[in-house]
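Chains as they are written, first to last, in numbering that gives the first Met the number 0: chain A, 0 to 247; chain B, 0 to 247. The beta carbon of each residue, even a glycine, is placed where N, CA and C say it ideally should be. Structure first, then comments.
Protein chains: 2
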Amino acid sequence: MNQPGSPPVAVPLTDLPQGKVACQDCSLHQLCLPVGIDRKDLAELDHIIKRRRPIQRGDHLFVASDKFRSIYAVRSGSLKTYNLTEDGREQVTGFFLPGEIVGLDAIGEGVHACSARALETTSVCEIPFEDLEGLGERIPALTHQLLRIMSKEMHHDQVLLMLLGKRAAEERLAALLLNLSQRYGLRGYSSIEFNLSMSRHDIANYLGLAVETVSRLFSRMQEDGMLAVRSRHVRLTDIDKLRALARV
Amino acid sequence: MNQPGSPPVAVPLTDLPQGKVACQDCSLHQLCLPVGIDRKDLAELDHIIKRRRPIQRGDHLFVASDKFRSIYAVRSGSLKTYNLTEDGREQVTGFFLPGEIVGLDAIGEGVHACSARALETTSVCEIPFEDLEGLGERIPALTHQLLRIMSKEMHHDQVLLMLLGKRAAEERLAALLLNLSQRYGLRGYSSIEFNLSMSRHDIANYLGLAVETVSRLFSRMQEDGMLAVRSRHVRLTDIDKLRALARV
DNA sequence: CGATGACTTGACTGCTGTCAACGTGCGTGG
DNA sequence: CCACGCACGTTGACAGCAGTCAAGTCATCG
Numbered sequence: 000m001n002q003p004g005s006p007p008v009a010v011p012l013t014d015l016p017q018g019k020v021a022c023q024d025c026s027l028h029q030l031c032l033p034v035g036i037d038r039k040d041l042a043e044l045d046h047i048i049k050r051r052r053p054i055q056r057g058d059h060l061f062v063a064s065d066k067f068r069s070i071y072a073v074r075s076g077s078l079k080t081y082n083l084t085e086d087g088r089e090q091v092t093g094f095f096l097p098g099e100i101v102g103l104d105a106i107g108e109g110v111h112a113c114s115a116r117a118l119e120t121t122s123v124c125e126i127p128f129e130d131l132e133g134l135g136e137r138i139p140a141l142t143h144q145l146l147r148i149m150s151k152e153m154h155h156d157q158v159l160l161m162l163l164g165k166r167a168a169e170e171r172l173a174a175l176l177l178n179l180s181q182r183y184g185l186r187g188y189s190s191i192e193f194n195l196s197m198s199r200h201d202i203a204n205y206l207g208l209a210v211e212t213v214s215r216l217f218s219r220m221q222e223d224g225m226l227a228v229r230s231r232h233v234r235l236t237d238i239d240k241l242r243a244l245a246r247v
Numbered sequence: 000m001n002q003p004g005s006p007p008v009a010v011p012l013t014d015l016p017q018g019k020v021a022c023q024d025c026s027l028h029q030l031c032l033p034v035g036i037d038r039k040d041l042a043e044l045d046h047i048i049k050r051r052r053p054i055q056r057g058d059h060l061f062v063a064s065d066k067f068r069s070i071y072a073v074r075s076g077s078l079k080t081y082n083l084t085e086d087g088r089e090q091v092t093g094f095f096l097p098g099e100i101v102g103l104d105a106i107g108e109g110v111h112a113c114s115a116r117a118l119e120t121t122s123v124c125e126i127p128f129e130d131l132e133g134l135g136e137r138i139p140a141l142t143h144q145l146l147r148i149m150s151k152e153m154h155h156d157q158v159l160l161m162l163l164g165k166r167a168a169e170e171r172l173a174a175l176l177l178n179l180s181q182r183y184g185l186r187g188y189s190s191i192e193f194n195l196s197m198s199r200h201d202i203a204n205y206l207g208l209a210v211e212t213v214s215r216l217f218s219r220m221q222e223d224g225m226l227a228v229r230s231r232h233v234r235l236t237d238i239d240k241l242r243a244l245a246r247v
């Protein structure tokens with residue numbers, strides 16, 4: 000992990016052939032940028048993508064105010080994105096699982112608007128944006144999928160806004176757990192039992208709560224029989240109860 | 000205004016030639032979709048745009064779950080977008096001023112994710128999304144600008160997330176006022192004196208606060224000499240103080 | 001096995017929401 | 001033109017949820 004105090008720097012990563020899986024053969028095919036793109040065009044997309052040595056827990060993929068060059072698809076592991084206030088407080092704005100795209104909010108200004116940091120050992124596919132735009136001119140389906148992904152992320156942000164603006168602490172945590180459950184499910188993992196890759200601190204931060212509050216909530220929800228939690232391992236034992244709580 | 004109780008419906012609007020200003024001649028040219036697009040291509044864009052009779056304060060431009068057909072550029076007036084929770088509570092997610100684009104978060108699902116309602120008499124340019132995508136295939140600059148706009152809106156959401164998650168009530172209001180100030184300025188209005196088109200209720204809702212809190216904050220900030228407020232008219236009398244408060 | 005960071009639990013405080021009453025401005029209709 | 005009604009906005013009193021501070025437990029890793 001980067002030492003606190005020293006300003007974070009995105010780790011410079013050398014290209015390595017290891018773990019190179021073509022888009023066509025990638026298990027995340029159905030969740031990622033390739034959705035709706037035919038085999039031939041996929042080969043072209045594959046061609047511009049750079050695959051890199053995995054980054055370690057705590058390493059930065061990019062840092063706010065870095066020049067924007069690429070967007071990134073998570074291949075394995077997970078990331079968080081966050082912003083810093085001037086006085087150094089952090090706001091976690093998202094968690095990214097395999098198949099999800101990070102860095103889209105930098106397109107507008109040409110500079111990264113947030114920082115992205117690995118929650119565990121994580122590999123990503125780097126997609127140089129200039130190349131992607133060029134490719135998009137010849138493959139409309141690619142642009143359409145990019146627009147869809149961005150639009151969905153806008154939607155995600157709005158759900159989060161709703162959580163932070165209108166929901167009590169308990170509802171927020173329930174909503175996050177159900178959201179993660181669904182996303183793990185889509186990725187072929189269990190949707191009722193999973194390991195959180197993010198710390199209590201990150202969860203609290205994302206939900207706009209204090210760590211202690213999150214901790215108390217986990218305990219209470221366990222007492223109430225809706226989940227079993229031991230450290231970062233969570234099992235949802237009463238999804239309906241959770242849903243009622245989250246009102247989703 | 001729609002009667003409370005009856006479910007809101009987007010007003011069906013007939014096309015009218017009135018107030019028809021071509022994109023080339025529109026004063027919002029530099030703020031809107033046309034940025035970076037040359038004169039010839041602009042004529043094509045102009046061709047697909049529909050201009051409509053103004054909608055009245057309280058009318059809906061679209062409602063969440065409406066089928067997605069078009070995005071809209073605000074020509075004059077202003078809008079708010081909002082979501083409803085299942086139990087009917089509202090979360091305002093954005094205010095839109097002339098030159099800003101509404102409806103982008105519907106691209107992903109093909110269905111509007113939020114509702115958009117006029118805060119005052121408002122005219123919009125309707126841009127059918129299918130046509131726009133088609134045009135984008137021939138005019139890459141158009142797609143680029145669309146991506147930029149979406150990316151900027153993602154950025155806006157993240158700033159708002161930061162406000163709701165990490166900021167005290169006073170900082171939130173200061174940040175909103177400075178943000179509006181800047182946006183009014185860009186549009187050629189005064190950036191230190193303006194009329195809010197949104198009610199205290201909408202402001203409170205947007206900032207995740209109670210109306211009473213917002214009202215108290217306006218009073219306190221006036222006592223502290225950073226602004227003068229009378230009903231919806233606001234004059235920022237000490238922008239530096241406001242900035243210090245908002246920490247922007 | 002000890003050190004360090006992550007997490008939990010408890011005690012207390014304070015910000016902001018809720019409830020309530022009152023003031024203000026605007027449009028409508030007599 | 002004025003009186004009325006209604007929506008919007010302001011102010012005050014009070015309470016509760018969640019934050020802060022503090023201490024202690026647990027887990028992980030060298």
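Could you name the residues of the stretch 126–144 of chain B whose beta carbon sits closer than 8 Å to any beta carbon of chain A, in the order they occur along the chain? GLU132, GLY135, GLU136, PRO139, THR142 and HIS143
Nonlocal neighbours in the same chain, by C-beta distance under 6 Å from PHE67 of chain B, ignoring five residues either side: Here the question's residue 67 of chain B lines up with position 68 in the second sequence. Correct list, in chain order: ALA105, GLY109, VAL110 and HIS111.
In chain order, what are the residue ranges of uninterrupted beta strand (DSSP E) at least 3 long that sit wholly in the stretch 31–67 of chain A? 59–61
Span of the alpha helix (DSSP H) holding VAL110 of chain B? The residue labelled residue 110 of chain B in the question sits at position 111 within the second sequence. Run containing VAL110 of chain B: none; DSSP gives neither H nor E here.
Per-residue DSSP class, three states only, for GLU132 of chain B: If you number the second sequence from 1, residue 132 of chain B lands on position 133. In the structure shown, GLU132 of chain B sits in a helix (DSSP, three-state: H, G or I).
On the DSSP bridge list, what partners appear for VAL101 of chain A? For the purposes of this step, residue 101 of chain A is taken as residue 102 along the first sequence, with counting starting at 1. Looking at the DSSP assignment, VAL101 of chain A forms a beta bridge with A:TYR71.
Given a cut-off of 9 Å on the beta-carbon distance, is the pair THR92 of chain B and CYS124 of chain B in contact? The sequence position of residue 92 of chain B within the second sequence is 93, counting from 1. The sequence position of residue 124 of chain B within the second sequence is 125, counting from 1. Going by C-beta atoms, THR92 of chain B is not nearer than 9 Å to CYS124 of chain B.
Would you say SER180 of chain A faces chain B, with C-beta separation under 9 Å as the test? As a working note, residue 180 of chain A is residue 181 in the first sequence. SER180 of chain A does not count as touching chain B.
Kindly indicate which residue of B:PRO7, B:ASN178 and B:VAL34 has the alpha-carbon position closest to the one of ILE138 of chain B. On the second sequence, position 139 is the one that residue 138 of chain B refers to. The option with the nearest alpha carbon to ILE138 of chain B is B:VAL34.
The stretch 209–242 of chain B: which residues have C-beta closer than 7 Å to a C-beta of chain A, in chain order? none
With a threshold of 16 other CB atoms inside 10 Å of the CB of SER189 of chain B, please say whether the residue is buried or exposed. Counting from one through the second sequence, the residue named residue 189 of chain B turns up at place 190. SER189 of chain B comes out exposed.
To which residues does DSSP link HIS232 of chain A through a beta bridge? Stepping through the first sequence from its first residue, residue 232 of chain A is reached at position 233. DSSP, once it has assigned bridges, lists A:ASN194 and A:ARG229 as partnering HIS232 of chain A.
What is the residue span of the beta strand (DSSP E) that VAL91 of chain B lies within? As a position in the second sequence, residue 91 of chain B is number 92, starting the count at 1. From DSSP, the beta strand (DSSP E) with VAL91 of chain B extends over 89–95.
SER189 of chain A in three-state terms, based on DSSP: Looking up residue 189 of chain A in the first sequence gives position 190. It is coil, neither helix nor strand.
Check for me: the alpha helix (DSSP H) holding LYS165 of chain A runs from which residue to which? Numbered from its first residue, the first sequence carries residue 165 of chain A at position 166. Taken as a continuous stretch (DSSP letters only), the alpha helix (DSSP H) holding LYS165 of chain A covers 139–165.
DSSP state of ALA174 of chain B mapped onto helix, strand, coil: Translated into the one-based positions of the second sequence, residue 174 of chain B becomes position 175. Note: ALA174 of chain B maps to helix in three-state DSSP.
Under 7 Å, CB to CB, which of the residues in the stretch 152–165 of chain A have a partner in chain B? GLU152, MET153, HIS154, ASP156, GLN157, LEU159, LEU160, MET161, LEU163, GLY164 and LYS165
Measure the Cβ-Cβ separation of GLN55 of chain A and ALA117 of chain A and say whether it is below 9 Å. Here residue 55 of chain A is taken as the residue at index 56 of the first sequence, counted from 1. Here residue 117 of chain A is taken as the residue at index 118 of the first sequence, counted from 1. In contact: GLN55 of chain A and ALA117 of chain A (Cβ atoms closer than 9 Å).
Residues of chain B with CB under 8 Å from GLU169 of chain A, in chain order? Taking the first residue of the first sequence as position 1, residue 169 of chain A is located at position 170. Result: empty, since nearest Cβ-Cβ is about 15 Å, beyond 8 Å.
How many whole angstroms separate the CB atoms of ILE70 of chain B and ILE100 of chain B, which I take to be in contact at a CB cut-off of 8 Å? Taking the first residue of the second sequence as 1, we reach residue 70 of chain B at position 71. Taking the first residue of the second sequence as 1, we reach residue 100 of chain B at position 101. About 6 Å; that satisfies the 8 Å criterion.
Contact the stretch 134–151 of chain B vs the stretch 205–219 of chain B: 3+ CB pairs below 8 Å: no
Taking THR212 of chain B as part of the alpha helix (DSSP H), name the residues at either end of that continuous run. Numbered from its first residue, the second sequence carries residue 212 of chain B at position 213. Unbroken alpha helix (DSSP H) run through THR212 of chain B: 210–222.
Give the DSSP-derived three-state secondary structure of CYS25 of chain B in the structure shown. As a working note, residue 25 of chain B is residue 26 in the second sequence. Coil.
Run through the DSSP bridge pairs and tell me what ASN82 of chain A is partnered with. For the purposes of this step, residue 82 of chain A is taken as the residue at position 83 of the first sequence. Answer by DSSP bridge pairing, in chain order: A:GLN90.
Determine the DSSP secondary structure at GLU125 of chain A, reduced to helix, strand or coil. The residue labelled residue 125 of chain A in the question sits at position 126 within the first sequence. Correct three-state label for GLU125 of chain A: strand.
Please determine if the stretch 80–95 of chain B and the stretch 127–134 of chain A are in contact, where contact requires at least 3 C-beta pairs separated by less than 8 Å. no
Determine, using beta carbons only, whether ASP104 of chain A comes closer than 9 Å to chain B. Residue numbering aside, residue 104 of chain A sits at position 105 when the first sequence is read from its first letter. With 9 Å as the cut-off, ASP104 of chain A counts as an interface residue toward chain B.
Considering only DSSP beta bridges, list what ALA245 of chain B is partnered with. One-based indexing of the second sequence puts residue 245 of chain B at position 246. In DSSP, ALA245 of chain B forms no bridge with anything.
Alpha helix (DSSP H) segment containing ASP201 of chain A, residue limits: Counted from its first residue, the first sequence places residue 201 of chain A at position 202. First-last of the alpha helix (DSSP H) with ASP201 of chain A: 199–206.
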